[in-house]
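Input: a single structure, listed below in structure tokens.
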Amino acid sequence: MWMILSFIIGALAVLFAVENNAPAKVTFLSWEFQQSLGVVLLIGFLAGFVAALIFYLPTYLRHRWRIRRHEKRIAEVEADLAAERGKRAQLEIERAESARAQAGHVSTEH
């Protein structure tokens, strides 16, 4: 799905560049060049996308690390809970056996 979507977006970008082939003069500081309008707009779009990605990436990575840390902690707590439930079940079995033994001991004395 990801590759299909990438192909469609790429095809639309190429179509956009071909359809908008009027020359455009671009001046930035001391640089000056002339290129088709479609290419200039695509370069601007890509530059904006890369800039947004650069600003977003640290936040994304920080959230991913936090999620991994929380998932690890959840796994530890679930393991502790399972161990405690096992201990509780064992104690209940021992208590039931002890109660049966005492009940048997009391009934034989009468």
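The opening position of the sequence shown corresponds to residue 1 in the UniProt record's numbering, with each subsequent residue numbered one higher. Note that beta-carbon positions come from the ideal geometry of N, C-alpha and C, so glycine has one too. This one's a predicted model, so the numbers in the text were calculated from it and none came from an experiment.
1. Here's a check: name, in chain order, each residue in its chain whose Cβ is nearer than 7 Å to the Cβ of Lys87, leaving out the five neighbours to either side.
2. Give the DSSP-derived three-state secondary structure of Ala22 in the structure shown.
3. Please confirm if the segment 13-20 is in contact with the segment 37-57, defined as three or more CB-CB distances below 8 Å between the two stretches.
4. Using a Cβ-Cβ cut-off of 8 Å (strictly less than) and excluding sequence neighbours within five positions of Gly38, which residues of its own chain qualify?
5. Could you give the distance in angstroms between the alpha-carbon of Phe33 and the alpha-carbon of Leu5?
6. Measure the alpha-carbon distance for Pro23 versus Ala47 and round it to whole angstroms.
According to the structure shown:
1. none
2. coil
3. yes
4. Phe16, Ala17, Val18, Glu19, Asn20, Asn21
5. 32 Å
6. 20 Å
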